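Residue numbers for the sequence shown follow the working numbering, so the first one is 1 and each next one is one higher.
Don't be surprised by glycine CBs; every beta carbon is placed ideally from N, CA and C.
All of these numbers come straight from a predicted model, not from anything done at the bench.
Right, one structure below, let's go through it.
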Amino acid sequence: MFTTVLHHLKSPENAGIIVRTHVAFGGRQLVVVGPEPWRFKKRAQAFSRHFEQLCEVVRLVTDDEFFAWCARQGCTPIAVEISETSQLLPDFAFPSHPALIVGNEGTGLPPEFLSRCAHTVMIPQFGPVACLNAAVSCGMAIYEFNRKRPTDRKAEGSKFHLSDTEKRPTKALAAAR
Ligand SMILES: C[S@@+](CC[C@H](N)C(=O)[O-])C[C@H]1O[C@@H](n2cnc3c(N)ncnc32)[C@H](O)[C@@H]1O
Numbered sequence: 001m002f003t004t005v006l007h008h009l010k011s012p013e014n015a016g017i018i019v020r021t022h023v024a025f026g027g028r029q030l031v032v033v034g035p036e037p038w039r040f041k042k043r044a045q046a047f048s049r050h051f052e053q054l055c056e057v058v059r060l061v062t063d064d065e066f067f068a069w070c071a072r073q074g075c076t077p078i079a080v081e082i083s084e085t086s087q088l089l090p091d092f093a094f095p096s097h098p099a100l101i102v103g104n105e106g107t108g109l110p111p112e113f114l115s116r117c118a119h120t121v122m123i124p125q126f127g128p129v130a131c132l133n134a135a136v137s138c139g140m141a142i143y144e145f146n147r148k149r150p151t152d153r154k155a156e157g158s159k160f161h162l163s164d165t166e167k168r169p170t171k172a173l174a175a176a177r
């Protein structure tokens, strides 16, 4: 079980990509932290494909509210961020219910916020690029947490098989597009 957290994200495209990945990996709540109440509008939905309607979206304004929410939910806040004290993601032993937090496109997660998280993990990089895109980083962290999770979902052509019960809401979302 995992939760995905968007901390002050600005790009609707990034938010949309993260939503789709979160739902595809069976994430629990999707938490949006920031002063503006986040609304999934057209630009984000071109990427989310309306899948925000298939998960519980929690909107929180302040960092205090976010850390109190984590304590109530029993989830462990894990910052996905480059810092001098971050652990390398491939070596990280995840707790059973992580809240995977990505930072905004301009400034990332502030040091004061990082100091309140239980852990900070970073994705190793090998080429001449200082940091990754927020949605890409989030996808990698979600993948890494789920990497060893057993699956019996079969491929059907170039997609994964969905049961009839799973197809129903997906069709309704497609019709709403
Ligand atoms: C574009 S980066 C933030 C900007 C960057 N901190 C800077 O000072 O230019 C957006 C977010 O992606 C995530 N991120 C990017 N590269 C990462 C990496 N190698 N490991 C972990 N997180 C990463 C972090 O959550 C970060 O806050």
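Between which two residues does the beta strand (DSSP E) containing T4 stretch?
Working through the sequence shown from its first residue, we reach residue 4 at position 4. Here the beta strand (DSSP E) through T4 covers T3 to H7.
Cβ of V121 within 7 Å of Cβ of Q87?
The residue you call residue 121 lines up with position 121 of the sequence shown. The residue you call residue 87 lines up with position 87 of the sequence shown. In this structure, Q87 lies closer than 7 Å to V121 by Cβ.
Any non-hydrogen atom of ligand 1 within 6 Å of L114 CB
Taking the sequence shown and counting its residues from 1, one reaches residue 114 at position 114. No, ligand 1 has no heavy atom inside 6 Å of this Cβ.
Use the C-beta contact count for T21: other C-beta atoms within 10 angstroms, 16 or more gives buried, fewer gives exposed.
The residue labelled residue 21 in the question sits at position 21 within the sequence shown. That one is buried.
By the DSSP assignment, the beta strand (DSSP E) with H119 in it spans what residues?
Residue numbering aside, residue 119 sits at position 119 when the sequence shown is read from its first letter. Unbroken beta strand (DSSP E) run through H119: H119 to M122.
Pairwise C-alpha distance: T165 and F94
One-based indexing of the sequence shown puts residue 94 at position 94. One-based indexing of the sequence shown puts residue 165 at position 165. CA-CA distance, F94 to T165, rounds to 31 Å.
Compare the C-alpha of R132 against each of E105, R43 and F47 and name the closest.
Against the sequence shown, residue 132 aligns to sequence position 132. Rather than Arg, the amino acid found at residue 132 in this sequence is Leu. Among E105, R43 and F47, the Cα nearest to that of L132 belongs to E105.
Could you pull out every unbroken beta strand (DSSP E) segment of at least 3 residues lying fully inside the region 9-64, listed in chain order?
As far as the region 9-64 is concerned, its whole beta strand (DSSP E) runs of at least 3 residues are 30-33 and 57-60.
Should H8 be labelled buried (16 or more other beta-carbon atoms within 10 Å of its own) or exposed?
Counting from one through the sequence shown, the residue named residue 8 turns up at place 8. By the 16-neighbour rule on beta-carbons within 10 angstroms, H8 is buried.
Leaving aside the five residues before and after V57 along the sequence, list all residues of the same chain whose C-beta is less than 6 Å from its C-beta, in chain order.
Position 57 of the sequence shown, counted from the start, is the residue given in the question as residue 57. Result list for V57: L30, in chain order.
Rounded to whole angstroms, what's the CA-CA distance from Y143 to F47? Just pull it up for me.
If you number the sequence shown from 1, residue 143 lands on position 143. If you number the sequence shown from 1, residue 47 lands on position 47. One C-alpha to the other measures close to 18 Å.
Let's test the definition: count the other Cβ atoms within 10 Å of the Cβ of G26 and tell me whether it reaches 16, buried, or not, exposed.
One-based indexing of the sequence shown puts residue 26 at position 26. By the Cβ neighbour-count rule, G26 is exposed, with fewer than 16 other Cβ atoms within 10 Å of its own.
For G103, is the beta carbon positioned less than 6 Å from some heavy atom of ligand 1?
Taking the sequence shown and counting its residues from 1, the one referred to as residue 103 is at position 103. The answer is yes for G103.
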